[in-house]
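I have placed the structure first, in the form of structure tokens, so that the comments after it can refer back to it.
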Amino acid sequence: MERITRKQFAAGASAAFASIGIVRFRADAAEFTYKYANNLPLSHPMNLRAREAVDKIKQESNGRLEVQIFPNNQLGGDTDMLSQLRSGAIQFFTLSGLILATLVPVASINGIGFAFDDYKQVWSAMDGDLGAYVRAAVSKAGLHAFDKVWDNGYREMTSSTHPITSPADLKGFKIRVPVSPLWTSMFKAFGASPTGINFSEVYSALQTKVVEGQENPLAIIETAKLYEVQKYCSLTNHMWDGFWFLANQDAWNKLPKDLQEIAARNFNAAAVKERADVKALNDSLQAKLKGQGMSFNKPAAAPFREELARAGFYSQWKASYGADAWAVLEKYAGKLG
Ligand code: X2X
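The following block contains the structure:
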């Protein structure tokens, strides 16, 4: 017996109407279709949780807001994607505050070397006054930042040539850093030779040995397969880095209040889940990366911190951000430098 389901019947009917020009739009066409771009592999918790969030947003908005995800630098490197966000070619983008600092200088403040002892300090600061301070500056620059920062993590140094056991091992070290004045300044203070390269080019820069090393949290070293082109991983925890979930201001303003509420609530909730995922991964990945051929060491932090202080790193950045911003950082991180 032939059974025609309701869906098949509807599809057939709509095709019939379409062919005579009665159906002008598909019943499932969204009112708003926005693009969300990022620089991380699909398997990173940021993309996994963002996927869940956009599914919920579609469902809760009854299909009115559809967010398409473009992971893994599909739309270009961070520098490109930031331009696309500003021009409105993309509507959402997650970006490290340290790179956002090329547009909003104070956004790199959470990356000051060895500022936060632990995640407790990090989230108090970023969900508290420090995050609010940065978001206000981001908004002045014409972008909208959601309340909850996504975790990138504590960053560790990797190398194809030698482990980093003390600041002396960084002298002349050819290291890739993200495109950001704070990163360049910090590795120059260590006497290294940093090159600013977008993440989209990192694997090949390491593979072709344009640079010897790089630094990133374990979750990225694993999901971007950097263990294939790096041998040593030194657990330096030299800074904490997070991603602001950003929206183009005009695109954001165009959304009716109810859609803004649905988007913000789901992206913020996803960020909180992603933080737990990254922390769990960072706690467990060392064994996996060892199995993939990396060797680990954990240098003492104090000599690195002292080297930065001696080079004038802390006083220079305090002057650059201003005493007010610095006081907000120290409220959470304690006295620095
Ligand atoms: O570029 C990097 O190293 C990365 C992926 O960690 C950032 O987005 C800052």
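Here my numbering is used: the first residue of the sequence shown is 22, the next is one more, and so on.
Glycine included, each C-beta is placed from N, C-alpha and C at the ideal position.
Worksheet item: With DSSP run on the structure shown, which of helix, strand or coil describes GLU351?
Response: helix
In terms of residues, what are the limits of the beta strand (DSSP E) holding ARG197?
-> That run of the beta strand (DSSP E) goes 195-198.
Grouping DSSP H, G and I as helix and E and B as strand, with all else coil, what is ILE111? DSSP places ILE111 in coil when its eight states are reduced to three.
Check your understanding: Taking DSSP as the reference, what is the three-state secondary structure of GLN89?
Key -> strand
Worksheet item: Which residues in the same chain as ALA346 place their Cβ atom closer than 7 Å to its Cβ, once the five residues preceding and following it in sequence are excluded?
Response: VAL127, ILE130 and TYR154
* Asked: Which of the three DSSP states, helix, strand or coil, is assigned to PHE220?
  -> helix
Range of the contiguous beta strand (DSSP E) that encloses GLY234 = 234-237
Quiz item: What residues in its chain sit with their C-beta under 8 Å from that of GLY163, if we drop five residues either side in the sequence?
Solution: Taken in chain order, the residues that qualify are ARG107 and GLN270.
- prompt: Do the segment 159-177 and the segment 249-267 touch if we need at least three Cβ pairs shorter than 8 Å?
  reply: yes
Exercise. Is the closest heavy atom of the ligand X2X to the C-beta of PHE220 under 6 Å?
Worked result: yes
Can ILE298 and PRO62 be called in contact, C-beta distance under 7 Å? For the record, residue 298 in the displayed sequence is Asp; it is not Ile. No; because the gap between Cβ atoms is not below 7 Å, this pair is not in contact.
Option in ILE133, VAL170 and VAL250 with minimal Cα separation from GLY149 | VAL170
>> Which same chain residues end up closer than 7 Å to GLU73 when comparing Cβ atoms and leaving out the 5 residues on each side of it in sequence?
In response: ALA291
Buried or exposed (CB count within 10 angstroms, at least 16 for buried), ALA146
buried
Can you determine whether any heavy atom of the ligand X2X sits closer than 6 Å to the C-beta of PRO199, and answer yes or no?
At least one heavy atom of the ligand X2X is nearer than 6 Å to the Cβ of PRO199, so yes.
### Query
So, helix, strand or coil for SER225, using DSSP?
It is helical.
Helix, strand or coil: how does DSSP classify MET178 here? strand
### Message
Cutting at 7 Å between CB atoms, please list the residues of its own chain near ASN289, excluding the five before and the five after it.
### Response
PHE167, ASP168 and LYS169
| task | Can you check DSSP and say which residues form a bridge with THR54? | result | GLU87
Worksheet item: DSSP beta-bridge partners for ALA166?
Response: LEU267
Beta-carbon spacing of MET178, THR257 below 7 Å: yes
| Could you give the C-beta distance for ILE196 and GLU249, rounded to a whole number, given that I count them as a contact under 8 Å? | Under the criterion of beta carbons closer than 8 Å, ILE196 and GLU249 do not qualify as touching, at roughly 18 Å.
Is SER206 near the ligand X2X - that is, is its Cβ less than 6 Å away from at least one heavy atom of it?
no
Could you tell me which uninterrupted alpha helix (DSSP H) segments, each at least 4 residues in length, are contained entirely in the segment 271-323, listed from first to last along the chain? 278-312
Notebook entry, point to check: Could you give the C-beta distance for PRO184 and TYR253, rounded to a whole number, given that I count them as a contact under 8 Å?
Noted result: 4 Å
Worksheet item: What's the gap between the Cα of ARG286 and the Cα of ALA158?
Response: 22 Å
Contact belief for VAL349 with LEU151 at Cβ below 8 Å, rounded distance in angstroms: 5 Å
**Report entry** Alpha-carbon to alpha-carbon, PHE135 and SER214
**Finding:** Spanning the two alpha carbons is a distance of roughly 20 Å.
To which residues does DSSP link TYR253 through a beta bridge?
-> SER180 and SER316
**Request:** With DSSP as the reference, label SER82 as helix, strand or coil.
**Result:** coil
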